[in-house]
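Top line first, the protein sequences correspond to chains A and B.
Quick note: the first sequence uses our numbering, first residue 669, plus one each step.
Quick note: the second sequence uses our numbering, first residue -11, plus one each step.
Working notes, structure below.
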Amino acid sequence: MTRRMPFPAVFGAVLIALLFGCSAVSQSPSVPPKHPEDLPQGRVDCLECHENVSAGALKPYGTIRHSRVFIDSHGTYARQGQNLCASCHAPAFCQTCHARKEEMKPNTKMGDRPDRMAPHRGDYLITHRIDGRIDPGSCFRCHGNKNDVRCRQCHK
Amino acid sequence: MSGLILENEVIPNSALGVRMGHPTTVIPLGKRLLPVVVSITLLLPLLFAGTAPAADLSLSSKTYLRYYERESAGGNEDTFAPLYEYLSADATNLGGMPVAFHFYGWGRVDLGEETGTGKTSGDIGSLYLEYLHPQGNAQAKLGRFFLTEGAAMETLDGVFVKATTPLGLGVSVYGGAPVEDTILNGTREGSALYGGRVFFARAGFVELGASYLRENGTFQGGKDRELYGGDLWLRVAPSVDLTAQATYNRSVREMASQRYAVRIVPGATFDISAGYESYTYKGLFQSTLNPAFVFPALDNNDEVQTIFGVVDWAFLPGWTLEVAGKHIRHDESDPGDANRGEVGLRHTYNDKKDVAGISAAFVASDREENEYREVRGFATYSPEKIRLALDALMQRYQREIHGEKNTYQVVASAGYQVLPALQLSGDLTYTQSPNYDEDYAGLLRATLELGTTTGGKK
Chain A
669 MTRRMPFPAV FGAVLIALLF GCSAVSQSPS VPPKHPEDLP QGRVDCLECH
719 ENVSAGALKP YGTIRHSRVF IDSHGTYARQ GQNLCASCHA PAFCQTCHAR
769 KEEMKPNTKM GDRPDRMAPH RGDYLITHRI DGRIDPGSCF RCHGNKNDVR
819 CRQCHK
Chain B
-11 MSGLILENEV IPNSALGVRM GHPTTVIPLG KRLLPVVVSI TLLLPLLFAG
39 TAPAADLSLS SKTYLRYYER ESAGGNEDTF APLYEYLSAD ATNLGGMPVA
89 FHFYGWGRVD LGEETGTGKT SGDIGSLYLE YLHPQGNAQA KLGRFFLTEG
139 AAMETLDGVF VKATTPLGLG VSVYGGAPVE DTILNGTREG SALYGGRVFF
189 ARAGFVELGA SYLRENGTFQ GGKDRELYGG DLWLRVAPSV DLTAQATYNR
239 SVREMASQRY AVRIVPGATF DISAGYESYT YKGLFQSTLN PAFVFPALDN
289 NDEVQTIFGV VDWAFLPGWT LEVAGKHIRH DESDPGDANR GEVGLRHTYN
339 DKKDVAGISA AFVASDREEN EYREVRGFAT YSPEKIRLAL DALMQRYQRE
389 IHGEKNTYQV VASAGYQVLP ALQLSGDLTY TQSPNYDEDY AGLLRATLEL
439 GTTTGGKK
């Protein structure tokens, strides 16, 4: 089956979007590309300095507070926009875990940061058999189509 | 027609019982454009080279040397020593304009035996130019980037544009070549991916989005991936949020996934959320490139429904209690239903530089082989330029695996801040598990952080 690539349509849409954005973009100030002050070590609490609503995410800062609740559901917020995230986190921060090709587990890279929520601690080659059976959707988000050939040693 | 005929092969395999093949596979325009896109992305920053002093630059280098031994099938002891370099560079305010350049990638060289995929390996995770409009959070990206937008959570070689109007209506569009790796016989990576999202946002009150994604390819059933998505964040009362996220897979006419949650955040110390999520294997895994997500590894007719709750309570300054639980229900008796519970206590000290924590978790299931318990404790200590960390984990499986019921792992780490921008550290990991009678692994780490200005990037 031969497929025609829709790139002309895509780039046309992009062009229209660009024109649309330049002519009718909201005048509210954007979130800065980089947090203007140094961030302290460890987990940061935005509420120590910020109140009200974030200019980037358009949500109250309490919603962005990096509690366990937020960390468990951060994907829900990231799917509505990454500007506020990017103000404090470099792209490499996301890709420490969300890599399309990776050989080191996040907790191996961050052995000096046991406070971080890094998945796959312990001998996860053993435990993933159980976690993968009871909730394979949680595996799929990272391993569904961004794989390492090591998976193939068993999954043939 | 914009494709070059590559090959012609028939692959007799499909998870959904449909024979899939590649009668006439083409090199899509997206793939052919890749070198052009990468070249442009690399060269464009040179246009701003003359104004480099105005740019805000940061460079992060993390070098890891691992060391471990493994017994091969023949009974020999093989020594592995992979050397990894992770490099990221970010330059904002290029040429005094709201333009940024981002790079993230890694490479590996084996100093000992091959670690499984050749003596060397590596990947470019992101490499893109970004325009951030000063108003309305309008933005554009060009190159390779990780994108989460509506139904999309992709790494993409292409473009992304997003803008919001003064009324709060906004649109985002993206297109390019998906960056994927397949290890599934008979299914190749997608050839092109594009989509968009329209949304309405009112600051502090609501954001509602509808999205579309299409990836051309021969995924399960020999079909493209085609998703419709919806997302919602709604503040229904002071400190009470509703979130919703749903994706419909049009290719197989199934709901792929749904997640609905209510979250109460009354202040800076208490955060509670509860909700429901579900996904169908057929809908969610339709585009997989990994055999772990297709028959016979699992039954593609299964559906998962989960009820979950999470609490985060800073009951005293520096002390946080975390409690989480979920009930996971499967349509199929194998793997059956399961419950997971977890409670943890964290203490932050030393001017928030250090954290100690303990936690306990269990998984109870209809089937004994899916049950285990877990206990973990960790602590860090950072006096002056020294940083010490200790992390201990124990897991006990209800049913023996390879004749063993327990896994123990202890990670001890010590580091020293040699220079303000340079830290050296080392980890020693001890593991005893069904896989290892007794295993020691070492890691040396050098972290270099350089930047031209102050400001937050983590």
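Using N, Cα and C, we set each Cβ at its ideal position, and we do this for glycine too.
Keep in mind it's a predicted model, so treat the numbers as computed, not measured.
Residue of the options minimising C-alpha distance to residue i
i: B:R317; options: B:N327, B:T308, B:L309, B:D78; result: B:N327
i: B:V331; options: B:T308, B:Y337, B:R185; result: B:T308
i: B:A191; options: B:T152, B:K373, B:I112; result: B:T152
i: B:T336; options: A:V737, A:S696, A:R711, A:D706; result: A:R711
i: A:T776; options: A:D791, A:Y745, A:C762, A:K769; result: A:D791
i: B:Y182; options: B:F207, B:D212, B:R176, B:N173; result: B:D212
i: B:G365; options: B:S353, B:E357, B:Q397, B:Y385; result: B:Q397
i: B:P166; options: B:F89, B:S275, B:L222; result: B:S275
i: B:Y428; options: B:L47, B:S46, B:Y55, B:H121; result: B:Y55
i: A:Y745; options: B:R433, B:D379, B:R251; result: B:R251
i: B:W301; options: A:P704, A:E719, A:S735; result: A:S735
i: B:V97; options: B:N288, B:T51, B:A140, B:A249; result: B:T51
i: A:A725; options: B:T80, B:T103, B:L304, B:L196; result: B:L196
i: A:C822; options: A:D740, A:L793, A:N813, A:S806; result: A:L793
Segment limits, beta strand (DSSP E) that includes residue i
i: A:V712; result: It is not in any beta strand (DSSP E) - A:V712 carries neither H nor E in the DSSP assignment.
i: B:L172; result: Counting along the chain, B:L172 falls outside any beta strand (DSSP E), and DSSP gives it neither H nor E.
i: B:D78; result: 70 to 80
i: B:F134; result: 127 to 137
i: A:K777; result: Careful: A:K777 lies outside any beta strand (DSSP E), inside the alpha helix (DSSP H) at 774 to 777.
i: B:L230; result: 228 to 237
i: B:D98; result: 87 to 98
i: B:R387; result: 374 to 389
i: B:V292; result: 291 to 304
Range of the contiguous alpha helix (DSSP H) that encloses residue i
i: A:Q763; result: 759 to 763
i: B:N423; result: It is not in any alpha helix (DSSP H) - B:N423 carries neither H nor E in the DSSP assignment.
i: B:G448; result: Since the first residue of chain B shown is -11 and the last is 446, residue 448 of chain B is not available in this structure.
i: A:N751; result: 751 to 756
i: B:F350; result: Element bounds for B:F350: not the alpha helix (DSSP H) but the beta strand (DSSP E), 342 to 353.
i: A:A746; result: 742 to 746
i: A:S806; result: 804 to 811
i: A:G730; result: 729 to 732
Test item: CB-CB of residue i and residue j under 8 Å
i: A:Q695; j: B:G124; result: yes
i: A:R747; j: B:T136; result: yes
i: B:N237; j: B:L215; result: yes
i: B:G297; j: B:G313; result: yes
i: B:G146; j: B:G164; result: yes
i: B:Y267; j: B:S239; result: no
i: B:R176; j: B:T206; result: yes
i: B:V399; j: B:D425; result: no
i: A:P782; j: B:F133; result: no
i: B:G324; j: B:F350; result: no
i: B:G439; j: B:S46; result: yes
i: B:H90; j: B:Y74; result: no
i: B:Q447; j: A:N751; result: This structure cannot speak to residue 447 of chain B, because chain B is shown only from -11 to 446.
i: B:D78; j: A:R768; result: no
i: A:P774; j: A:H788; result: yes
i: B:L144; j: B:Y119; result: no
i: B:A280; j: B:S261; result: no
i: B:G217; j: B:T231; result: no
i: B:S413; j: B:R433; result: yes
i: B:L436; j: B:S49; result: yes
Beta-carbon neighbours of residue i, restricted to chain B and to distances below 7 Å
i: A:H657; result: No answer is possible for residue 657 of chain A: the residues shown for chain A start at 669 and end at 824.
i: A:C765; result: Here the premise fails: no neighbours, minimum Cβ distance about 11 Å.
Cross-chain neighbours of residue i in chain B, by beta carbon under 8 Å
i: A:P697; result: P122, Q123
i: A:A786; result: Simply none; closest approach about 10 Å.
Under 7 Å by beta carbon: chain A residues contacting residue i
i: B:P422; result: I794
i: B:F281; result: P804, F808, G812
i: B:V343; result: G710, D783
i: B:I316; result: I802, D803
i: B:W221; result: K727, Q748
Chain C residues whose Cβ lies nearer than 7 Å to that of residue i
i: A:K769; result: Given the protein chain composition of this structure (A and B), no chain C is represented.
Neighbour list for residue i in chain A, Cβ cutoff strictly below 8 Å
i: B:A323; result: Rather than Ala, the amino acid found at residue 323 of chain B in this sequence is Pro. Residues of chain A passing the Cβ test: R801, I802.
i: B:K373; result: By Cβ distance, chain A contributes nothing, its closest Cβ being about 13 Å from B:K373, past 8 Å.
i: B:T276; result: F808, G812, N813
Partner residues on chain A for residue i, Cβ-Cβ distance less than 9 Å
i: B:D415; result: T776, G779, D780
i: B:M141; result: G743, A746, R747, H766, R809
i: B:V292; result: I802, D803, P804, G805
When you compare the stretch 152 to 170 of chain B with the stretch 179 to 197 of chain B, are there three or more beta-carbon pairs, one atom per stretch, that lie closer than 8 Å? yes
Are the stretch 69 to 88 of chain B and the stretch 720 to 737 of chain A touching by the rule of at least three beta carbon pairs closer than 8 Å? no
At a cut of 8 Å, does the stretch 256 to 264 of chain B reach the stretch 272 to 284 of chain B through at least three beta carbon pairs? no
Evaluate the contact criterion for the stretch 794 to 810 of chain A versus the stretch 357 to 372 of chain B: three or more CB pairs, one atom per stretch, below 8 Å. yes
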